[in-house]
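Notes follow the structure.
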Amino acid sequence: MYSNIVVQRQWTRLACLCRSLATLEGQKLPQSGKSSDGISPPPRKARGPTDILQALAATVGTDPTAAHYKYHDDPYLIPLSNFRKRAYALSAEAGRKAAAWIRDEHAELFTTREWDPPSKIKTPYFNADPKIEAFAPKPIYNDASKVTEEDLKYTIQNALIDDSITIFKLLGGTTSVSEEVKLQFLQLLCFYNEREPDSMEWLEEKWFASNIREKQAATWRVGGLADQIFESMDPKKPEAYCAMIQGMAKYYQAERANVLTQEAIEKGIPLSTSVFNSLLSCVGYLREGTTLRIEALRAILVQMNEQGIAPNNETLSSCLRSLSAWGGGKIIQQMALQVLAEFRQVGIQPGLAAYYYLLCLFCKESKYHDDPYLIPLSNFRKRAYALSAEAGRKAAAWIRDEHAELFTTREWDPPSKIKTPYFNADPKIEAFAPKPIYNDASKVTEEDLKYTIQNALIDDSITIFKLLGGTTSVSEEVKLQFLQLLCFYNEREPDSMEWLEEKWFASNIREKQAATWRVGGLADQIFESMDPKKPEAYCAMIQGMAKYYQAERANVLTQEAIEKGIPLSTSVFNSLLSCVGYLREGTTLRIEALRAILVQMNEQGIAPNNETLSSCLRSLSAWGGGKIIQQMALQVLAEFRQVGIQPGLAAYYYLLCLFCKERGPRFDILSTIINDLEQKEHLEAKEPADTNFFITAMGVCSDHLQDIAMAERLHALLMKGDNYKLVGDAYKESIYYRHYITVACRHAPFEKTLELLDTLVPNVYVPEPSVMEEIIKTLEVGGAGDRLAQAWSQLVIFGHGKRAKLVEKVLDAMCNTYHGQDEEVKSKMRAAAADMLSFGQLTPEEQEAKNIRSPVQKLSASAICNIIEICSDTKDKADPLWKNIEEALDRLRREEAAGVPDRPQAIADVAKKAATVGLPGIAAAAVTYLAECGFEEAMSASVQVLGAMLNRPEQEVETLLTQEHSSLVGNLHPAALAVAEAYN
């Protein structure tokens, strides 16, 4: 019985198996092109697991508005702030770090295939299929590991620096490894500088920490494993040289990289383009100074050409990278453009990296933030911004000098190392190094004195000079250098060039013309102690005395030197010419003295120069005016031109000072000067006074000539090429544009003036109050109502909103131009007038709380009357402007405005409008104010306002007003009663 059941079950299974096989056979595609029923399906195509996804992706473009792929694709989970983005990304990365830690610390959990059932023998993980390298625990190597050269190859291929170094040492070092593997290992060490590279898995932490700026310092491991392997190679292959040079250059060991390059070239070893690219990237560390660096860069490019090595895009980027790292300036910028042009000639077009370095070179940061919300828009804020930034630098300098011990060691030395002196740091930054301190206990040498002389440390050099024993213990050469320093600075510490902002904004730039030479000082003592006295000593003393207006002694010393046959320089006579006015009194005697010095120069065979001409004209311009001096100046100019000396900007500046006096007759010498300057390709600064030319010339255009065409020619000359640097500092730039805008407002066509204002204000220039008055006058004459409304906004932004005089000027202009505007402009003007009323108003309690001691300037009654007149141009009873009118009337009645209105009829008209639209309170207040001030317009306004209130003709109103006051009290509205009282 049971056997029948078993057999039946077996037959059932066999039948199911046959049916399955038949089904599978039917599902197979025919291999031939035709089937039995005539249908020919296409042959089967082999597809990968992601082919369908790739096909779908090809039909859908990238969504630029979508969140980054690292965030959840869910609008409720996408972080919407930088803080949440950072927290999300770092937390996800922390999870990956935790998984990696478990993988490495508990490697035994990952050494078997987790899908092996418990009954089977565990198989090593590396037999797993598929094998995922990221999930496999990393091998651990130690001193007990049995390693082979294959293990070393594995660590090299996977950039496991520490493991590869361990295996290399276990194998026996340089003697037990094949040359091929040794070369691969050397290339790895040079590329990473024998340090474990940063993991590419933890990018989020790197990004959000912004720890991606390259540290540009010599960090190459001198005498490390790479150097040892390279020395052990015999012969040294070209690949080894290339690896070493690129590694040293990459980690800023520029000197050794350059030496190794020259060694390879001398031995005839071919080098790759990448080697020279790396040298170009660090060429700035081979030389000091822009000129020497550019020469070194050119030398490397020439060397590439001689070696027959073709440049590539990376060569261009390396050149521009070095140039951009050397600061700015015209020389470097011209070199960058020249390099770019030459590379284009050989078919190499710049890439994004090259354009990036060009932007870094040509678009340097300015004084202020490049953000429209952070750029200061008033002179006060500009001053506060610049001075606060300078105060920060001063604080840093104070910490550097007062706490020098914090800067005497290299801050990157770990605690376990011996501290090294700061001067051994590489690179050494002089500005960050603390200044040495010298006192009576200091042990000094002549080298210390040389150091202080070279760095113009006057007080320190005097201290060291005295410590060394004075004039008897210092060599003649150093004594002469010290004398020249003392004469140049008059034994005083020079003003620091670091604190220019304070100097500019204090306007403390006028030279003090008085005899300030220290008679009998240290300079005189050193000069007297010299025997014999060298020509350089005479030159230094004479120029020092002349510079500090000790003219008599300078002249005596000059005559003494000439009598002794001591040769003097051109600069000596130039300094005498600058102070010749202090030798004589009176124009005639001074001119004779000037001629005598020029004749003396000719007799001594001393050739004049541009500074000689400037010195002559400087003295002539300082002696006042007059026809005699002007003729002498023109004669000097003509004679210098005959000997080939053309006047510079400083000479032209002194000519303008001489011929274009503020109250003198009009003399057009500027057109001749501009004609001469326009013919030159570019202007060069040769003297400090050159920066005075453009501001003086623009002042002549504005005040003396009053010629806008001349001003435009002058401005075009300033904007030509690189001439803008001659405008001077920020203070002079402000004066220049003050004159330019003033002459444009007074004499230029209205449209051109508006165009100029749009270009310059406030991007380049913030107008002072006097210039704002000129702008307001121009806008009033041109009838530009919208511009006048905008002018009020500019007054607030520029910090002039509390200047009552300017506000009143704007209000007068708005009233005079109001009726000719369209409705949109009128609306802007009404809004501006209402804002003027409420701007900067504080109650007495608020003034006391803010401790405001200086009185706030109040608007005049006429200005408030103008506000009332402008704001009253509305027929809507609910217009908020009526609230402003009510406030203005209350302010007039409380006598919070200076004086009385000059046009009381305007207030009378406002009273009628208020009564007409149904605002009797405002109408009554206006009429009452007119009556209180005693204006004759009060009576007629009372009749008209009361007629509008009661809707009666004027005759009935006049009859009503003749009645007794007691009879009106109960019959009239309080506002109407107030009008009646004002009438009486």
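Position one of the sequence shown corresponds to residue 74 (the working numbering), numbered consecutively onward. Don't be surprised by glycine CBs; every beta carbon is placed ideally from N, CA and C.
If you draw a straight line from the C-alpha of glutamine 431 to the C-alpha of glycine 772, how long is it?
-> By 1-based counting over the sequence shown, the position of residue 431 is 358. By 1-based counting over the sequence shown, the position of residue 772 is 699. Note that residue 431 corresponds to leucine in the displayed sequence, not to glutamine. When rounded, the distance between both Cα atoms is 37 Å.
Confirm, please, whether the CB-CB distance from alanine 762 to tyrosine 810 is below 8 Å.
-> The residue labelled residue 810 in the question sits at position 737 within the sequence shown. The residue labelled residue 762 in the question sits at position 689 within the sequence shown. No.
Are at least three pairs of beta-carbons, each pair with one atom in the stretch 937 to 951 and one in the stretch 844 to 856, less than 8 Å apart?
-> no
Between the CA atoms of glutamine 527 and isoleucine 318 - distance to the nearest angstrom | For the purposes of this step, residue 318 is taken as the residue at position 245 of the sequence shown. For the purposes of this step, residue 527 is taken as the residue at position 454 of the sequence shown. Cα-Cα distance, rounded: 37 Å.
Leaving aside the five residues before and after glycine 678 along the sequence, list all residues of the same chain whose C-beta is less than 8 Å from its C-beta, in chain order.
-> Counting from one through the sequence shown, the residue named residue 678 turns up at place 605. None.
Best match in Ala770, Ala426, Lys310, Ala936 for proximity to alanine 789 [C-alpha to C-alpha] | Here the question's residue 789 lines up with position 716 in the sequence shown. Closest by alpha carbon: Ala770.
Ordered along the chain, which non-local residues of its own chain (more than five positions away) have a Cβ less than 6 Å from that of leucine 667?
-> Stepping through the sequence shown from its first residue, residue 667 is reached at position 594. Here the set comprises Val653.
Compare the Cα-Cα distances from glutamate 760 to each of Pro720, Gly357, Lys309 and report the closest residue.
-> Within the sequence shown, numbered from 1, the residue matching residue 760 stands at position 687. If we check each option's Cα against that of glutamate 760, Pro720 comes out closest.
Out of curiosity, what's the CA-to-CA distance linking glutamate 1009 and tyrosine 1002?
-> Here residue 1009 is taken as the residue at index 936 of the sequence shown, counted from 1. Here residue 1002 is taken as the residue at index 929 of the sequence shown, counted from 1. The straight-line gap from Cα to Cα measures roughly 12 Å.
Assigned exposure category for glutamate 1037 - 16 Cβ within 10 Å defines buried | Taking the first residue of the sequence shown as 1, we reach residue 1037 at position 964. With fewer than 16 Cβ atoms within 10 Å of its Cβ, glutamate 1037 is classed as exposed.
Could you check the C-alpha separation between glutamate 956 and aspartate 963 for me, to the nearest Å?
-> As a first step, residue 956 must be located in the sequence shown, where it is residue number 883. As a first step, residue 963 must be located in the sequence shown, where it is residue number 890. A small fix is needed here, since residue 956 is lysine in this sequence, not glutamate. Cα to Cα, the separation comes out at about 11 Å.
Under the DSSP definition of a beta bridge, which residues are partnered with serine 933?
-> By 1-based counting over the sequence shown, the position of residue 933 is 860. Looking at the DSSP assignment, serine 933 forms a beta bridge with Ala971.
Assuming phenylalanine 883 and alanine 864 make a contact with CB atoms under 8 Å, what is their CB distance in whole Å?
-> Translated into positions along the sequence shown, residue 883 becomes position 810. Translated into positions along the sequence shown, residue 864 becomes position 791. The amino acid occupying residue 883 in the given sequence is valine; phenylalanine does not appear at that position. Contact holds; Cβ gap of about 6 Å.
Go ahead and pull the three-state DSSP assignment for glutamine 867.
-> Indexing the sequence shown from 1 puts residue 867 at position 794. If DSSP states are grouped into helix, strand and coil, glutamine 867 belongs with the helices.
May I have a chain-ordered list of the alpha helix (DSSP H) segments no shorter than 4 residues that lie completely inside the stretch 786 to 858?
-> 803 to 820, 823 to 833, 842 to 855
Decide if lysine 948 is buried, meaning its Cβ has at least 16 other Cβ atoms within 10 Å, or exposed.
-> Here residue 948 refers to the residue found at position 875 of the sequence shown. Classification for lysine 948: exposed.
Residue range of the alpha helix (DSSP H) that aspartate 521 falls in?
-> Your numbering for residue 521 matches position 448 in the sequence shown. Looking at the DSSP string, the run of the alpha helix (DSSP H) that includes aspartate 521 is 519 to 527.
Hey, out of Asp568, Asp521, Glu633, whose CA is closest to phenylalanine 555's CA?
-> Locating residue 555 in the sequence shown gives position 482, counting from the first residue. Minimum Cα distance to phenylalanine 555 is reached at Asp521.
For aspartate 513, which of Ile535, Glu368, Lys170 has the nearest alpha-carbon?
-> As a working note, residue 513 is residue 440 in the sequence shown. Closest by alpha carbon: Ile535.
Drop a sphere of 10 angstroms on the beta-carbon of isoleucine 615, count the other beta-carbons inside from all chains shown, and report buried for 16 or more, exposed for fewer.
-> Residue 615 sits at position 542 when you count from the first residue of the sequence shown. Isoleucine 615 should be labelled buried.
Three or more C-beta pairs below 8 Å linking the stretch 1003 to 1022 and the stretch 1047 to 1055 | yes
Give me the Cα-Cα distance between leucine 365 and asparagine 796, rounded to the nearest whole angstrom.
-> The residue labelled residue 365 in the question sits at position 292 within the sequence shown. The residue labelled residue 796 in the question sits at position 723 within the sequence shown. Answer to the nearest angstrom: the Cα atoms are 26 Å apart.
Quick one: Cα of arginine 371 to Cα of glutamate 361, how far?
-> If you number the sequence shown from 1, residue 371 lands on position 298. If you number the sequence shown from 1, residue 361 lands on position 288. Their Cα atoms are separated by approximately 15 Å.
Whose C-alpha, out of Ser461, Leu129, Leu396, is nearest the C-alpha of tyrosine 429?
-> Here residue 429 is taken as the residue at index 356 of the sequence shown, counted from 1. Nearest option by C-alpha distance: Leu396.
Among residues of its own chain, excluding the 5 on either side of methionine 674, which ones have a beta-carbon nearer than 7 Å to its beta-carbon?
-> Reading the sequence shown from its first residue, position 601 is the one you call residue 674. So the qualifying residues of the chain are Phe646, Pro681.
DSSP on isoleucine 510, reduced to helix/strand/coil?
-> As a first step, residue 510 must be located in the sequence shown, where it is residue number 437. Looking at isoleucine 510 - three-state DSSP - the assignment turns out to be coil, as it is neither helix nor strand.
Taking valine 220 as the reference, which of Ser237, Cys774, Pro1026, Gln1028 has the closest Cα?
-> One-based indexing of the sequence shown puts residue 220 at position 147. Comparing Cα-Cα distances from valine 220 to each of Ser237, Cys774, Pro1026, Gln1028, the minimum goes to Ser237.
Using a threshold of 8 Å, state whether the C-beta atoms of serine 390 and alanine 427 are closer than that.
-> Within the sequence shown, numbered from 1, the residue matching residue 390 stands at position 317. Within the sequence shown, numbered from 1, the residue matching residue 427 stands at position 354. It is a contact, given that the beta carbons lie within the stated cut-off.
Hey, quick one: how far does the alpha helix (DSSP H) through proline 384 stretch, first residue to last?
-> Locating residue 384 in the sequence shown gives position 311, counting from the first residue. Counting along the chain, proline 384 falls outside any alpha helix (DSSP H), and DSSP gives it neither H nor E.
Determine, using beta carbons only, whether leucine 868 and arginine 860 come nearer to each other than 8 Å.
-> Here residue 868 is taken as the residue at index 795 of the sequence shown, counted from 1. Here residue 860 is taken as the residue at index 787 of the sequence shown, counted from 1. Cβ atoms of leucine 868 and arginine 860: not closer than 8 Å.
Own chain, CB closer than 7 Å to alanine 1011, minus 5 neighbours either side, in chain order = Sequence index remark: in the sequence shown, residue 1011 carries index 938 (1-based). Excluding residues within five positions, the ones whose Cβ falls inside 7 Å are Val1000, Leu1003, Ala1004, Ala1055.
Serine 602 vs threonine 544 beta-carbon contact at 8 Å | Taking the first residue of the sequence shown as position 1, residue 602 is located at position 529. Taking the first residue of the sequence shown as position 1, residue 544 is located at position 471. Against a cut-off of 8 Å, the Cβ pair of threonine 544 and serine 602 comes out as a contact.
Nearest to glutamine 407 by alpha carbon, out of Ile367, Phe538, Ile382, Phe303?
-> Within the sequence shown, numbered from 1, the residue matching residue 407 stands at position 334. When each option's Cα is compared against that of glutamine 407, the closest is Ile367.
Run through DSSP, which three-state label would leucine 1023 get?
-> Stepping through the sequence shown from its first residue, residue 1023 is reached at position 950. The answer is helix: DSSP assigns leucine 1023 an H, G or I state.
Can you tell me whether threonine 388 is buried or exposed, with buried defined as 16 or more other CB within 10 angstroms of its CB?
-> To locate residue 388, count along the sequence shown from 1; it is residue 315. With 16 or more Cβ atoms within 10 Å of its Cβ, threonine 388 is classed as buried.
Hey, could you find the ends of the alpha helix (DSSP H) valine 356 is sitting in?
-> For the purposes of this step, residue 356 is taken as residue 283 along the sequence shown, with counting starting at 1. Looking at the DSSP string, valine 356 is not in any alpha helix (DSSP H), and its letter there is neither H nor E.
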